[in-house]
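Residue 19 is where the sequence shown starts when you use my numbering, and the numbers rise one by one after that. Below you'll find the structure, written out as structure tokens, and then a few comments.
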Amino acid sequence: MDSRDLNHVKKTHEALTFCLWTLPWLAMILISCGVLTQNVFKVDQSIMWSVHQFSQPLLDRVAIGLSYLGGLPACAILLVLLTSYSVFIKLSWWSELYFLWGSMIGSVVLGWSLKVLMNRPRPELWPRLVQDYGASFPSGHSLYAATLATVLILVCWKTVWRWPSVIVGVVWLALMGVSRIYLGVHYPTDVVAGWVLGIAWVTVLYRWMWRPI
Numbered sequence: 019m020d021s022r023d024l025n026h027v028k029k030t031h032e033a034l035t036f037c038l039w040t041l042p043w044l045a046m047i048l049i050s051c052g053v054l055t056q057n058v059f060k061v062d063q064s065i066m067w068s069v070h071q072f073s074q075p076l077l078d079r080v081a082i083g084l085s086y087l088g089g090l091p092a093c094a095i096l097l098v099l100l101t102s103y104s105v106f107i108k109l110s111w112w113s114e115l116y117f118l119w120g121s122m123i124g125s126v127v128l129g130w131s132l133k134v135l136m137n138r139p140r141p142e143l144w145p146r147l148v149q150d151y152g153a154s155f156p157s158g159h160s161l162y163a164a165t166l167a168t169v170l171i172l173v174c175w176k177t178v179w180r181w182p183s184v185i186v187g188v189v190w191l192a193l194m195g196v197s198r199i200y201l202g203v204h205y206p207t208d209v210v211a212g213w214v215l216g217i218a219w220v221t222v223l224y225r226w227m228w229r230p231i
């Protein structure tokens, strides 16, 4: 490979990295504008009613269980367990642990800051199956799921666990997002915003704090 080919590969990598950083933030801005102007409200309602037609007792229990598993208290317990494991058993996990804590703390701060700033009321289309607090936008559960999934994928990317981590991460954030809509506690745009914000924040933190992509 000559110098021109190497230069082309380098520029391509830089362009892809730039897109990876900027596209999620751009998507977040566009979604926020759509919510503020209420241009997405009819689409949100239509999707929610489409999901609600699949309502049944078994799915109710699954969605409620996911609500508990994906909440902030459960995420905090997971972080404490992983920290304890790193301290007492796997002493070489410190960089991954710092990355995980930084990702989750940043996501919580960003998510709740946006909730206060946007102050979007929660949906009232049908009786909710769970009681949640705070504004609707963005979905905290979707944000935390995307944060954990992105951390898992990035940490495992250069290992034999790359594709298993991708599958687990994508399935987890998808289940969490759909369950929030199913429960009637979030609009679809809240869920997508949570996903996008989690991915955007973790990728930036990964680049700045841990190692280059």
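Each residue gets a CB set at the ideal place from its N, CA and C atoms; glycine is no exception. Keep in mind it's a predicted model, so treat the numbers as computed, not measured.
- The stretch 201-221 makes contact with the stretch 113-130, as at least three CB pairs between them are under 8 Å.
- Met-136 and Ser-160 have their alpha carbons spaced roughly 17 Å apart.
- If you draw a 10 Å sphere on the C-beta of Gly-152, you find fewer than 16 other C-beta atoms in it, and that means exposed.
- Leaving aside the five residues that flank Arg-146 on each side, the residues in its chain whose CB is nearer than 7 Å to its CB run, in chain order, Leu-201, Gly-202 and Val-203.
- Judged by DSSP in its simplified three-state form, Ala-163 adopts helix.
- In this structure, Leu-100 lies near Leu-118, with their beta-carbon atoms less than 8 Å apart.
- Membership of Lys-133 in the alpha helix (DSSP H) is indicated by the continuous run 112-136.
- Burial state of Trp-181 is exposed, judged by a 10 Å Cβ sphere holding fewer than 16 other Cβ atoms.
- In the DSSP assignment, Thr-55 falls outside any alpha helix (DSSP H) and carries neither an H nor an E.
- Here Ser-154 is buried. Its C-beta has 16 or more other C-beta atoms within 10 Å.
- For the pair Ile-185 and Leu-172, the Cα-to-Cα distance works out to about 13 Å.
- With a minimum length of 4 residues, the unbroken runs of alpha helix (DSSP H) contained wholly in the stretch 149-215 fall at 158-174 and 180-200.
- Judged by DSSP secondary structure, Ile-107 falls outside any alpha helix (DSSP H); it is assigned neither H nor E.
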